[in-house]
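For reference, the structure is listed below as structure tokens.
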Amino acid sequence: MFFAVIANFIPEPTLASVSDEKTKKKSGDEGGKDIVKKHRRQLLYSGVVTAIGISLHNFPEGMAVFLGSMKGLRVGVNLALAIALHNIPEGVAVALPIYFATQSKWQAFKLATLSGFAEPLGVIVVAYLFPSSLSPEILEGLLGSVGGVMAFLTLHEMLPLAFDYAGQKQAVKAVFFGMAFMSASLYFLEISLPEEMSL
2 MFFAVIANFI
12 PEPTLASVSD
22 EKTKKKSGDE
32 GGKDIVKKHR
42 RQLLYSGVVT
52 AIGISLHNFP
62 EGMAVFLGSM
72 KGLRVGVNLA
82 LAIALHNIPE
92 GVAVALPIYF
102 ATQSKWQAFK
112 LATLSGFAEP
122 LGVIVVAYLF
132 PSSLSPEILE
142 GLLGSVGGVM
152 AFLTLHEMLP
162 LAFDYAGQKQ
172 AVKAVFFGMA
182 FMSASLYFLE
192 ISLPEEMSL
């Protein structure tokens, strides 16, 4: 639903990066087509890898929501709301590379939605396999591991693409805005949890 709302604000795909504009002019039409194909493959690869990483990241988050809900309705609702806000930029990070690679809003929406399904799957797994309790150490280990995956994806996939397609100034501004947004959501999450589940 969120992607449908922001779809009107997404620019039409321009697959050539700023650094490749001069190369396209020099190489002519055929070289330009090769560059476009190369960028589509690069974007599609980045989008798929990011979707896999975010799916791994969402799985233990679903477990955390379930365990929070076991502490009471207020905790569960606050936790679910904080993680929902936290997931908005994650969905955008999956959808945009796929959209620019395929030029299809439906494909972007579909893959972003599929990566989000890992979270309710985490709820189902912990509810059926660990209905009474799950060791906090195990959950912390899972969250730490997928946190490392997300840090790698950000530095190896997302940041280079942002530098190529938006320019360094815009990319740096977006990084700081994203950090502020995620910090705010984590702060809201922290104050909503009881002491025994604090981050």
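Counting in this note's numbering, the sequence shown runs from 2 upward without gaps.
All C-beta atoms in this analysis are idealised placements derived from N, C-alpha and C, irrespective of residue type, glycine included.
Small disclaimer: the values here were computed from a predicted structure and weren't measured.
Selected residue, minimal CA-CA separation from Val126, among Gly54, Val66 and Ile36: Val66
Please state whether DSSP places Ser105 in a helix, a strand or coil. coil
Report all residues from its chain with a CB closer than 8 Å to the CB of Phe164; omit the five preceding and five following residues, and keep chain order. Ala172
Limits of the unbroken alpha helix (DSSP H) element including Phe164: Leu160 to Ala167
Since I believe Leu44 is in contact with Pro98 (beta carbons under 8 Å), could you give me their beta-carbon distance rounded to a whole number of angstroms? 5 Å
Measure the CB-CB distance between Phe60 and Gly123 and report whether it falls below 8 Å. yes
Helix, strand or coil at Ser146 according to DSSP, with G and I counted as helix: helix
Buried or exposed: which applies to Gly73, given that a residue is buried once 16 or more other Cβ atoms fall within 10 Å of its Cβ? exposed
Can you tell me the Cα-Cα spacing of Pro121 and Gly63, whole angstroms? 6 Å
C-beta contact flag for Ala102 and Thr51 at 8 Å: no
Classify Val78: buried if its beta carbon has 16 or more other beta carbons within 10 angstroms, exposed otherwise. exposed
Could you tell me the alpha carbon to alpha carbon distance between Ile84 and Tyr46, rounded to whole angstroms? 26 Å
Between which residues of its own chain and Lys34 is the CB-CB distance below 6 Å, once the five residues before and five after are set aside? none
Which residue's Cα is closest to the Cα of Thr155: Phe177, Glu138 and Tyr129? Phe177
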